[in-house]
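What follows is a set of notes on a single structure, which appears directly below.
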Amino acid sequence: MVRKIAKPAVRKQGAATHGRRVLLMVATRKGAWMYHGDAARRSWRADGPHFLGHVVSQLVLDPRDGQTLLAAAKTGHLGPTVFRSIDRGRSWKEAARPPAFAKAAAGEKGRTGDHTFWLTPGPASEPNVWYAGTSPQGLFRSEDGGVSWAPFSFINEDAQFREWMGSVQDGTPDGPKLHSIIVDPRDSAHLYFAMSGGGVHESVDAGRNWTPLLQGLEVVEGFDRANPSFHDPHCVRLCPSNPDRLYQQNHCGIYRIDRPSDTWVRIGKSMPKRVGDIGFPLVVHPRNDNTAWVFPMDGTAVWPRTSPEGKPAVYATRNGGKTWQRLDAGLPQKQAWWTVKRQAMTADALDPVGLYFGTTSGELWMSRDEGRRWACIVRHLPEIYAVEAAEL
Amino acid sequence: MKVLIPGALRSYTEQSEAEASGATLAAVLADLDRRYAGIRFRIIDEQDRIRRHIRIFVNGAQVRELSQPLAPSDEIVIVQALSGG
Numbered sequence: 001m002v003r004k005i006a007k008p009a010v011r012k013q014g015a016a017t018h019g020r021r022v023l024l025m026v027a028t029r030k031g032a033w034m035y036h037g038d039a040a041r042r043s044w045r046a047d048g049p050h051f052l053g054h055v056v057s058q059l060v061l062d063p064r065d066g067q068t069l070l071a072a073a074k075t076g077h078l079g080p081t082v083f084r085s086i087d088r089g090r091s092w093k094e095a096a097r098p099p100a101f102a103k104a105a106a107g108e109k110g111r112t113g114d115h116t117f118w119l120t121p122g123p124a125s126e127p128n129v130w131y132a133g134t135s136p137q138g139l140f141r142s143e144d145g146g147v148s149w150a151p152f153s154f155i156n157e158d159a160q161f162r163e164w165m166g167s168v169q170d171g172t173p174d175g176p177k178l179h180s181i182i183v184d185p186r187d188s189a190h191l192y193f194a195m196s197g198g199g200v201h202e203s204v205d206a207g208r209n210w211t212p213l214l215q216g217l218e219v220v221e222g223f224d225r226a227n228p229s230f231h232d233p234h235c236v237r238l239c240p241s242n243p244d245r246l247y248q249q250n251h252c253g254i255y256r257i258d259r260p261s262d263t264w265v266r267i268g269k270s271m272p273k274r275v276g277d278i279g280f281p282l283v284v285h286p287r288n289d290n291t292a293w294v295f296p297m298d299g300t301a302v303w304p305r306t307s308p309e310g311k312p313a314v315y316a317t318r319n320g321g322k323t324w325q326r327l328d329a330g331l332p333q334k335q336a337w338w339t340v341k342r343q344a345m346t347a348d349a350l351d352p353v354g355l356y357f358g359t360t361s362g363e364l365w366m367s368r369d370e371g372r373r374w375a376c377i378v379r380h381l382p383e384i385y386a387v388e389a390a391e392l
Numbered sequence: 001m002k003v004l005i006p007g008a009l010r011s012y013t014e015q016s017e018a019e020a021s022g023a024t025l026a027a028v029l030a031d032l033d034r035r036y037a038g039i040r041f042r043i044i045d046e047q048d049r050i051r052r053h054i055r056i057f058v059n060g061a062q063v064r065e066l067s068q069p070l071a072p073s074d075e076i077v078i079v080q081a082l083s084g085g
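First to last, the protein sequences are chains W and A.
Using the working numbering, the first residue of the first sequence is number 1, and each one after it goes up by one.
Using the working numbering, the first residue of the second sequence is number 1, and each one after it goes up by one.
Shown next as structure tokens:
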């Protein structure tokens, strides 16, 4: 199904990032904050709140110009919108046409977007292109840097996709979501997205056709694996150093796929049994496709979605999922019932890689040595929805 | 006609009252959006329905349809529903 495409140029360790400083973008239920790190990533200057009181699902810096920021926002009462800054957050302007579903024909019931959930900048070859995923599930694209948005591909109104998307009752508690929009860095027509629920889907022709990519993925016991409706991918990431390799944190485990294979392998089976392989975020190493990090959560009984046994830990694999290492130095050793959402954990591209995650209890933690030692850098924020890192 | 704007939307109008004209509520909201770009979508969804937590009153009576006819002397009040506790 996947076309043969050339290997990408792999960035040399440390070479492109030397001397660069990290900007963290933190989206919360009550606004957004940015944190500017010093050269050592030891002190962080707060910039915010931006949009205080707005529910901000994600705040993303365009890596192509290092200046444009997009924020997906709404309030409890007002409809969703996208705010845009072309001066890295000094001033903001609302999108002229935010993502919105098509108006239904007379007599039919159309869908209403509740919020934009996911933002993905397009590839370097398409400088003004952005993709957005919404709740309820919709796929949108902007070709003017996020000023105006239009439905992308046919999926928003397609009967088959609508069946797979289900109703608002079939998704996460705060709405079903389209997320993990991925553009192959070698080929802008090669796309992936995921839906909670609704499965992982792939296009090799710029969205004209899509194929479910589900083989090997497990579903909740008793349901039909062949039906995308029953698949709940939580987070899918493509390895920048090897775009043929993707990792996935799913409702039913941690997986890896190596294209052109179309079968996911459950690499989470090698996680400790008492911890399990349930969680929401997954982070890949910017230069090493054998390294990935997850933040396990309790998926037993009624699904508390908190750190197993109240002992938070990041787990790392450095061999593509054969084995996992617990990384909890510096984290609370007991009675810490954390939840980290799927967009709330990320990595920078420095050497060694910095890792960051935000909790729903409003704490922002980081490791400047790839997870070996953790430190809290911010407390008392609202519920953290998303954390992004960029190098300036 | 006069349109009273709730606090949550004053980032658009920068004042509590705005002027807009039109023969129906739909036309008035379209005019409002021409003057204050983006304001309509925050209160009316893409299916032309008043959003769930927004209420619109004309001369003190709640209006639910955008086709509601209006006279130049009418007063429109846009409010956030008391749904936040």
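Note that the Cβ used here is the ideal one computed from N, Cα and C, for glycine as well.
These figures come from a predicted structure and were not determined experimentally.
9 Å Cβ cutoff met for residue i and residue j
i	j	result
W/Ser-180	W/Tyr-385	no
W/His-231	W/Gly-253	no
W/Arg-410	W/Gly-216	A question about residue 410 of chain W goes unanswered here, because the residues of chain W that appear run from 1 up to 392.
W/Leu-282	W/Arg-237	yes
W/Lys-292	W/Tyr-356	For the sequence presented, residue 292 of chain W should be read as Ala rather than Lys. Cβ distance not < 9 Å, so W/Ala-292 and W/Tyr-356 don't count as in contact.
W/Thr-360	W/Lys-341	yes
W/Asp-262	W/Asp-244	no
W/His-234	W/Gly-279	yes
W/Ala-40	W/Leu-59	no
A/Ile-39	A/Leu-9	yes
W/Gly-398	W/Ala-316	No statement about residue 398 of chain W is possible, as the shown extent of chain W runs from 1 to 392 and does not include it.
W/Ala-313	W/Val-275	yes
W/Gly-354	W/Val-22	yes
A/Ala-18	A/Tyr-36	yes
W/Ser-153	W/Arg-97	no
W/Gly-122	W/Ser-188	yes
A/Leu-4	A/Ile-76	yes
W/Pro-348	W/Glu-309	Note that residue 348 of chain W is Asp in the sequence shown here, rather than Pro. Not closer than 9 Å, so no.
W/Met-25	W/Val-294	no
A/Arg-42	A/Arg-51	yes
W/Thr-339	W/Arg-287	no
W/Asn-227	W/Trp-164	yes
A/Val-28	A/Leu-82	no
A/Leu-32	A/Ile-56	no
W/Ile-377	W/Trp-44	yes
Residue i beta carbon near the ligand PLP (any heavy atom closer than 8 Å)
i	result
A/Ala-30	The model on display carries no ligand, and the ligand PLP is accordingly not part of it.
Nearest neighbour of residue i, chosen from the options [CA to CA]
i	options	result
W/Gly-107	A/Gln-62, A/Gln-47, A/Ala-71 and A/Ile-54	A/Gln-47
W/Ala-301	W/Glu-143, W/Val-220 and W/Gly-171	W/Val-220
W/Pro-185	W/Pro-228, W/Glu-126 and W/Trp-210	W/Glu-126
W/Ala-150	W/Val-200, W/Ala-159, W/Ala-95 and W/Cys-376	W/Ala-95
W/Ser-229	W/Tyr-255, W/Gly-299, W/Thr-75 and W/Ala-194	W/Ala-194
W/Gly-53	W/Arg-42, W/Asp-38 and W/Gly-76	W/Gly-76
W/Pro-321	W/Thr-211, W/Leu-392, W/Gly-268 and W/Asn-128	Inspection of the sequence shows that residue 321 of chain W is occupied by Gly rather than by Pro. Answer by Cα proximity: W/Gly-268.
W/Leu-139	W/Asp-170, W/Phe-101, W/Ser-85 and W/Asp-62	W/Phe-101
W/Gly-79	W/Leu-69, W/Val-55 and W/Asp-369	W/Val-55
W/Lys-428	W/Gly-358, W/Asp-351, W/Gln-343 and W/Met-366	No answer is possible for residue 428 of chain W: the residues shown for chain W start at 1 and end at 392.
W/Ser-91	W/His-36, W/Ala-189, W/Leu-69 and W/Ala-105	W/Leu-69
W/Asp-65	W/Gly-145, W/Phe-51 and W/Trp-44	W/Gly-145
A/Ser-73	A/Tyr-12, A/Ser-21 and A/Ala-30	A/Ser-21
W/Glu-218	W/Cys-239, W/Tyr-255, W/Trp-210 and W/Asp-205	W/Tyr-255
W/Leu-331	W/Asn-319, W/Leu-350, W/Pro-352 and W/Leu-364	W/Leu-364
W/Arg-318	W/Val-284, W/Trp-303 and W/Ala-124	W/Val-284
W/Cys-239	W/Val-183, W/Arg-20 and W/Cys-376	W/Val-183
W/Trp-374	W/Gly-19, W/Ala-27 and W/Arg-42	W/Arg-42
W/Pro-272	W/Asn-250, W/Gln-249, W/Pro-296 and W/Asp-289	W/Pro-296
Practice problem: Give, in chain order, every residue of the stretch 21-46 of chain A whose Cβ lies closer than 8 Å to some Cβ of chain W. | Solution: Ala-37, Gly-38, Phe-41, Arg-42, Ile-43, Ile-44, Asp-45 and Glu-46
Quiz prompt | Given 8 Å, three or more beta-carbon pairs between the stretch 95-115 of chain W and the stretch 127-139 of chain W | solution = yes
Exercise. Note down, one range per segment and in chain order, each beta strand (DSSP E) of at least 3 residues found wholly within the stretch 127-192 of chain W.
Key: 130-135, 138-142 and 177-183
Practice problem: Would you list, in chain order, the members of the stretch 101-118 of chain W that have their beta-carbon closer than 9 Å to a beta-carbon of chain A? | Solution: Phe-101, Ala-102, Lys-103, Ala-104, Lys-109, Gly-110, Arg-111, Thr-112 and Gly-113
Quiz item: Quick one: any contact between the stretch 374-390 of chain W and the stretch 27-34 of chain W, if contact means 3 or more CB pairs under 8 Å?
Solution: yes
Quiz prompt | Members of the stretch 87-101 of chain W that neighbour chain D once the beta carbon cut-off is set at 8 Å | solution = The structure shown contains no chain D; its protein chains are W and A.
Practice problem: Scan the stretch 65-109 of chain W and note each continuous beta strand (DSSP E) run of 3 residues or more that stays entirely inside, going in chain order. | Solution: 69-74 and 81-85
Self-check item: Segment contact, 8 Å Cβ cut-off, at least three pairs: the stretch 84-93 of chain W with the stretch 53-66 of chain A
Solution: no
Practice problem: Could you pull out every unbroken beta strand (DSSP E) segment of at least 3 residues lying fully inside the stretch 250-303 of chain W, listed in chain order? | Solution: 253-258, 279-284 and 292-296
Practice problem: Mind checking the stretch 50-77 of chain A against chain W and listing, in chain order, the residues whose C-beta falls within less than 8 Å of any C-beta there? | Solution: Arg-51, His-53 and Ile-54
Exercise. Anything in the stretch 219-244 of chain W with a Cβ closer than 7 Å to a Cβ of chain A? List those residues in chain order, please.
Key: none
Quiz item: When Cβ atoms are compared, which residues of the stretch 66-83 of chain W fall closer than 8 Å to chain A?
Solution: Thr-75, Gly-76, His-77, Leu-78, Gly-79 and Thr-81
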